[in-house]
Amino acid sequence: MHYNLITILGPTATGKTKLAVRLAYHFNGEIISADSRQVYKKMNIGTGKDLDEYIVNGKLIPYHLIDIIEPTEEFNLFLFNKYFYEAFEKITSKNKIPFLVGGTGLYLHSILKGYKLNKVDFSKEKYDNLNKLSIEELREKLKKLNPKLHNTTDLLIKDRIIRAIIISEQKNSENQNNKPVINSLTIGIKLEREKIKELITKRLKYRLEHGMIEEVKNLIAEGITYDKLDFFGLEYKYIGKYLRHELNYNDMFQKLNSAIHNFAKRQITWFRKMEREGIKIHWIEGANFQEAEKIIKENYFV
């Protein structure tokens, strides 16, 4: 198979970025981030951008889809795909290798499985018309439109049901047929669950001591609401609760630490789902450069 993308995936705190950047340096590549929160400006510590890791031997490895929108703006799967393909074309046109790196399962899955997505019209009029229906009527409507509905959380919240209906109605109306077919050589980082927990806890302590709370305070000072912090989840949600005195420091730390452990578990579930669907993942033990380099040399350049 002729590959045209290298994907480095793995649960949070396993050293994906550092490994991918070293590989990109070694193989003349550029990084495309598959992280649903690193797209936002001013959200650096909580999202783990670690931008100093993009410098290898004094050379900055170019990266894409990081710091591209304001925290007040909306970002979604459609936009991620749009920007991914733009970055992919840009990198390959320079005869460089694109490295897709991240842990947002849905984003990775959408590229590796070639989702067909359309720009969705969330017009107020359409939304208001659907909003007049009861939650039961909306559920029935959505089930008819999408009988294979696998994300049952879409059926619990009225706003989500309405959005899912609008998306389902517009599916296939204007497919992105002109995008390149992606064949990814995919490398996954695995570690013992206890080791991942240990890395997460250690990293969280470090980030809390090195400005993460100040980062959230600054977002609030710039007008980001607590609701929006809840939407960003994890670090932003729990530090937000701490700053509005809903949790004391110790409770905030314990709950946040536990939430990140659960997030890592969900990431692993996504990767297993990908494998069940036929996506081949070459697993390596930890962020091992030599192992990853060997897999790329043996598979990518044939």
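Using the numbering used here, the letters of the sequence shown map in sequence onto residues 1005 to 1306.
Virtual Cβ for every residue (Gly too), placed ideally from N, Cα, C.
Same chain, Cβ closer than 8 angstroms to residue i, five either side skipped, listed in chain order
i	result
R1270	G1109
I969	Nothing about residue 969 can be read from this structure; the chain reaches only from 1005 to 1306.
L1251	Y1242, K1245 and K1259
L1081	L1110, Y1111, S1114, Y1119 and L1121
Euclidean distance between Cα positions of residue i and residue j
i	j	result
Y1240	A1268	17 angstroms
A1291	I1272	16 angstroms
H1214	V1220	12 angstroms
R1211	A1017	12 angstroms
K1145	I1224	38 angstroms
N1008	I1072	24 angstroms
S1127	F1236	24 angstroms
R1143	Y1044	32 angstroms
I1065	E1057	9 angstroms
E1196	R1276	15 angstroms
G1062	G1014	26 angstroms
N1254	D1234	19 angstroms
Reduced DSSP category for residue i - H, G, I as helix; E, B as strand; rest coil
i	result
A1291	coil
T1011	strand
H1347	Residue 1347 lies beyond the range of the chain shown here (1005 to 1306); nothing can be said about it.
S1037	strand
L1238	helix
T1190	strand
Y1119	coil
N1176	Any reading at N1176 must be qualified, since the residue scores a pLDDT of 45, below 50, and its modelled position is unreliable; the value itself is stated next. The answer is coil: DSSP assigns N1176 none of H, G, I, E or B.
K1063	strand
I1101	strand
Y1044	strand
E1302	helix
G1019	coil
H1006	coil
I1285	strand
G973	Residue numbering for the chain in the displayed model covers 1005 to 1306; residue 973 lies beyond these limits and cannot be assessed.
Nonlocal neighbours in the same chain, by C-beta distance under 7 angstroms from residue i, ignoring five residues either side
i	result
E1093	none
Whole-angstrom C-beta distance between residue j and residue i, which should lie under 8 angstroms
i	j	result
S1188	I1010	7 angstroms
A1263	L1247	Not a contact, Cβ separation roughly 17 angstroms.
I1012	K1022	At roughly 10 angstroms, the Cβ-Cβ gap does not stay under 8 angstroms, so I1012 and K1022 are not in contact.
Legend entry - Stretch-stretch touch, CB-based, cutoff 8 angstroms, three pairs: the region 1188–1201 with the region 1282–1289: yes
Legend entry - Touching by the beta-carbon criterion (3+ pairs, under 8 angstroms), the region 1160–1168 and the region 1128–1140: yes
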